[in-house]
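Okay, so here's the structure we're looking at.
Protein chains: 2
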Amino acid sequence: VAELRDLRKVYDLGEVKVEALRGVSLTFEEGDYVAIMGSSGSGKSTLLNVLGCLDRPSSGQYLLGDIDVATVDDDTLSEIRGRRIGFIFQSYNLIQQLTVVENIEVPLLYQEGTSPETRERCIELAKMVGLGARLDHRPNQLSGGQQQRVAIARSLVNDPFIILADEATGNLDSKTSEEIMELLARLNEEGKTIIMVTHEEDIAEHAKRIIRMKDGLVLEDSINSSP
Amino acid sequence: VAELRDLRKVYDLGEVKVEALRGVSLTFEEGDYVAIMGSSGSGKSTLLNVLGCLDRPSSGQYLLGDIDVATVDDDTLSEIRGRRIGFIFQSYNLIQQLTVVENIEVPLLYQEGTSPETRERCIELAKMVGLGARLDHRPNQLSGGQQQRVAIARSLVNDPFIILADEATGNLDSKTSEEIMELLARLNEEGKTIIMVTHEEDIAEHAKRIIRMKDGLVLEDSINSSP
Ligand SMILES: Nc1ncnc2c1ncn2[C@@H]1O[C@H](COP(=O)(O)OP(=O)(O)OP(=O)(O)O)[C@@H](O)[C@H]1O
Ligand SMILES: Nc1ncnc2c1ncn2[C@@H]1O[C@H](COP(=O)(O)OP(=O)(O)OP(=O)(O)O)[C@@H](O)[C@H]1O
Ligand SMILES: [Mg+2]
Ligand SMILES: [Mg+2]
Numbered sequence: 003v004a005e006l007r008d009l010r011k012v013y014d015l016g017e018v019k020v021e022a023l024r025g026v027s028l029t030f031e032e033g034d035y036v037a038i039m040g041s042s043g044s045g046k047s048t049l050l051n052v053l054g055c056l057d058r059p060s061s062g063q064y065l066l067g068d069i070d071v072a073t074v075d076d077d078t079l080s081e082i083r084g085r086r087i088g089f090i091f092q093s094y095n096l097i098q099q100l101t102v103v104e105n106i107e108v109p110l111l112y113q114e115g116t117s118p119e120t121r122e123r124c125i126e127l128a129k130m131v132g133l134g135a136r137l138d139h140r141p142n143q144l145s146g147g148q149q150q151r152v153a154i155a156r157s158l159v160n161d162p163f164i165i166l167a168d169e170a171t172g173n174l175d176s177k178t179s180e181e182i183m184e185l186l187a188r189l190n191e192e193g194k195t196i197i198m199v200t201h202e203e204d205i206a207e208h209a210k211r212i213i214r215m216k217d218g219l220v221l222e223d224s225i226n227s228s229p
Numbered sequence: 003v004a005e006l007r008d009l010r011k012v013y014d015l016g017e018v019k020v021e022a023l024r025g026v027s028l029t030f031e032e033g034d035y036v037a038i039m040g041s042s043g044s045g046k047s048t049l050l051n052v053l054g055c056l057d058r059p060s061s062g063q064y065l066l067g068d069i070d071v072a073t074v075d076d077d078t079l080s081e082i083r084g085r086r087i088g089f090i091f092q093s094y095n096l097i098q099q100l101t102v103v104e105n106i107e108v109p110l111l112y113q114e115g116t117s118p119e120t121r122e123r124c125i126e127l128a129k130m131v132g133l134g135a136r137l138d139h140r141p142n143q144l145s146g147g148q149q150q151r152v153a154i155a156r157s158l159v160n161d162p163f164i165i166l167a168d169e170a171t172g173n174l175d176s177k178t179s180e181e182i183m184e185l186l187a188r189l190n191e192e193g194k195t196i197i198m199v200t201h202e203e204d205i206a207e208h209a210k211r212i213i214r215m216k217d218g219l220v221l222e223d224s225i226n227s228s229p
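Residue numbers (our numbering), protein chains in the order written: chain F, 3 to 229; chain B, 3 to 229.
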């Protein structure tokens, strides 16, 4: 469902170039459940941003379905992203002026638009992540873990094929983390592809496959023998 | 060194009141090393904000040293905070327009001011958290874990008595987390009081005392028998 071929990403800051990805080749099948681990700065978020069509590679190919993402213009890329991909950002990226429900609705504004039915769906998603009593709160009135859960709910509103999660339980206690992991497991059983970045081994244990990165390269890519 | 007596914090949002702290009484001695755990939304960050003089309680007392924080005006509070407390925020609160070194310097601007010596100190702190190659980067050019490390370095620049850390390793891989935990252990041996919020048992294990919170109350407060 997604294939990266010798992918490279260089951030050019003038006098300094940062090689965030230095030749990554990976294939993801439909229904995969992958954990990506690696040290801070090893390129995990950059990899996820390329997979999520939020950033274009400096060189190499990214085939999503049978589309070579490099050949596609920005509007089409935006369309693909909105329809197929749900993204949980490492820093949530919530909109401060919008409430919990409105934040969850945001991806719909770019796609099908909103309606009483879609608003109901957003409320359901908020309840599913335990925020039923916080629907009208704004991000600065929420705890860190509550904000993270809004980001999780938002990533699901478009019923995406692929869910990209960057440290999605980094601010959640073990019980709430477990609830989120059960949710992801259910979504994977329904056929969704899940690619999550995590630094916690217990979280990675839920995945079927574990990829370890170091300095912009894939160090290891193996089946999880004990999920 | 710090004492909370029947502390309460209510967020009043008009029609809804959120009782974030519902009567917390705790005493912290100099040189304490405390981990605070509890579910998402249980009041941990709110407690830390009150301890860090970033927020005033709705009722109850907070005695810092022998000063009743409620009797003190905002400027004095600001002064106490700047001199004695180092804070690592759950969402870092870095300034986007400033570089790594400039961000670490920020607390000095409110206290002693900056100089070539203080700039050297900030560079040393950046190196200590592994960001020696990123001194002129801005936050949006850093990975999540790198941003977290800038926040950690900044919390130390005023050589504070008390370090308040809110999920300070939430975005760090295990090796980098270990390095930060060793740094905190050294600071504690030097006599600094460390109060850290964490949801990870392995991180809490480094502390000498573990406090567990639930729904705005302290559920448990015990010596860590296996640090
Ligand atoms: N500014 C605010 N206005 C209204 N409610 C707030 C505000 N800040 C926090 N709250 C609420 O107070 C409660 C406690 O929040 P707090 O941030 O202390 O939780 P926490 O234990 O740090 O959670 P987490 O582990 O998710 O970071 C939460 O239910 C939250 O929704
Ligand atoms: N916009 C940018 N400009 C310049 N350098 C960048 C930019 N974004 C990331 N980098 C650099 O690219 C490298 C990889 O960053 P990335 O965010 O992918 O790391 P990561 O593995 O997600 O780290 P973490 O675990 O700390 O979140 C880092 O060294 C970082 O400093
Ligand atoms: Mg990252
Ligand atoms: Mg918190």
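Glycine included, every Cβ here is placed at the ideal spot set by N, Cα and C.
| Asked | Found |
| --- | --- |
| Beta-bridge partners of Ala4 (chain B), as assigned by DSSP | B:Phe30 and B:Leu66 |
| Under the three-state DSSP convention, the category Glu202 (chain F) falls into | coil |
| Against chain B: residues of the stretch 173-206 of chain F by CB proximity under 8 Å | Asn173, Leu174, Asp175, Ser176, Lys177, Thr178, Ser179, His201, Glu202 and Glu203 |
| Ligand 4 heavy atom lying under 8 Å from the CB of Lys19 (chain B) | no |
| Nearest-angstrom Cβ-Cβ length linking Lys197 (chain B) and Leu56 (chain B), presumed shorter than 8 Å | Looking at the sequence provided, one finds Ile at residue 197 (chain B) rather than Lys. Ile197 (chain B) to Leu56 (chain B), Cβ: 14 Å. No contact. |
| Residue burial classification, Gln150 (chain F) (beta-carbon count within 10 angstroms, cutoff 16) | buried |
| Range of the contiguous beta strand (DSSP E) that encloses Tyr35 (chain B) | Tyr35 to Gly40 |
| Within 9 Å, strictly: CB atoms of Leu15 (chain F) and Leu49 (chain F) | no |
| Contacts of Gln98 (chain B) in chain F (Cβ-Cβ under 8 Å) | None at all; the shortest Cβ gap to chain F is about 12 Å. |
| Below-9 Å beta-carbon distance, Arg24 (chain F) vs any chain B residue | no |
| Run of the alpha helix (DSSP H) containing Asp77 (chain B), from where it starts to where it stops | Asp76 to Arg86 |
| Simplified DSSP assignment, three categories, for Leu49 (chain F) | helix |
| The stretch 153-175 of chain F: positions lying closer than 7 Å to chain B by Cβ | Glu169, Gly172, Asn173, Leu174 and Asp175 |
| Distance between Leu100 (chain F) and Gln143 (chain F) (C-alpha atoms, nearest Å) | 11 Å |
| C-beta atoms of Ala37 (chain B) and Ala209 (chain B) nearer than 9 Å | yes |
| Backbone CA spacing between Asp217 (chain B) and Ser41 (chain B) [nearest angstrom] | 8 Å |
| Near-chain D residues of the stretch 40-73 of chain F - C-beta to any C-beta below 7 Å | Absent here is chain D; the protein component of the structure consists of chains F and B. |
| Proximity test, Gly67 (chain B) beta-carbon vs ligand 3 heavy atom, cut-off 8 Å | no |
| Cβ separation of Glu203 (chain B) and Asn226 (chain B), assumed to be a contact under 8 Å, to the nearest whole Å | Going by Cβ atoms, the distance from Glu203 (chain B) to Asn226 (chain B) rounds to 11 Å, so no, they are not a contact pair. |
| Own chain, CB closer than 6 Å to Phe89 (chain F), minus 5 neighbours either side, in chain order | Gly54, Ser157 and Leu166 |
| Proximal chain F residues relative to Leu15 (chain B), where beta-carbon distance stays under 9 Å | Asp138, His139 and Gln143 |
| The stretch 77-89 of chain F touching the stretch 100-120 of chain F, judged by at least three CB pairs closer than 8 Å | yes |
| Distance CB(Ala72 (chain F))-CB(Ile106 (chain F)) smaller than 9 Å | no |
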